[in-house]
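Encoded as structure tokens, the structure appears first; notes follow it.
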């Protein structure tokens, strides 16, 4: 177990400080995405029932006041469903930018080695190139996996809003006739 931890630590140090920043960013991103998944599977069904019950218990579902109440319920649902969406999107955008920062810092290391020792020290140059490419790869991996899950989250979010809107509208038209 200790050997694995040391190997991970050595890999992280190979990528430089930027790789640690990407690592912590990815943890934050995954925590937010997992929280949203848990929300959709455990909390949302109860909230959906509550919102629909508040709408169906109304005697008046046609007046301007009723439409405003419906809009209030849909806005409340929108806030609950999209709670951390902006932060998730920001973290996804920042990940590849941090990877590019790692590229720049790694290339600076390469140029420093070339300036001090000349272009003959291939080992030092390879270390700098490695330091440049690992954070770039890590930033892209975090962003791509985050995009995939964020798209699923966004689809679920949109589907749920449409479901609520449709069911509240159907209740209004069925009671009006």
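Residue numbers (the working numbering): 900 to 1076.
A virtual CB, placed ideally from N, CA and C, is assigned to each residue, including glycine.
Just so we're clear, the structure is a prediction, and the values are computed from it rather than from any experiment.
Proximal residues to residue i (C-beta, below 7 Å), its chain only, five neighbours per side dropped
i            : result
residue 979  : 946
residue 1039 : 995 and 998
residue 1055 : 939
residue 953  : 972
residue 959  : 965
Backbone secondary structure at residue i - three-state DSSP
i            : result
residue 900  : coil
residue 1058 : helix
residue 960  : coil
residue 982  : coil
residue 1020 : coil
residue 915  : coil
residue 1075 : Confidence at residue 1075 is low in this model, with a pLDDT of 48, below 50, so its placement is unreliable and no value can be given for it.
Nearest candidate by alpha-carbon position, reference residue i, set the options
i            : options                   : result
residue 1027 : 990, 1059 and 1001        : 1001
residue 971  : 941, 937, 983 and 951     : 951
residue 922  : 1029, 903, 1059 and 993   : 993
residue 989  : 1037, 906, 1060 and 927   : 927
residue 982  : 935, 917, 1021 and 905    : 935
residue 1004 : 916, 905 and 977          : 916
residue 1059 : 903, 975, 1020 and 1034   : 975
residue 1031 : 1006, 1041, 1043 and 1021 : 1006
residue 918  : 1034, 1043, 1042 and 1066 : 1034
Residue burial classification, residue i (beta-carbon count within 10 angstroms, cutoff 16)
i            : result
residue 1068 : exposed
residue 909  : exposed
residue 925  : buried
residue 991  : buried
residue 920  : buried
residue 940  : exposed
residue 901  : exposed
residue 906  : exposed
Cβ-based neighbour list, residue i, same chain, cut-off 8 Å, excluding 5 preceding and 5 following
i            : result
residue 1024 : 1009, 1012, 1013 and 1018
residue 875  : Nothing in the structure corresponds to residue 875, since the chain is present only between 900 and 1076.
residue 1064 : 973
residue 1036 : 998
residue 957  : 965 and 968
residue 1076 : Legend: pLDDT at residue 1076 = 45, less than 50; position of this residue unreliable, value from coordinates given subsequently. None.
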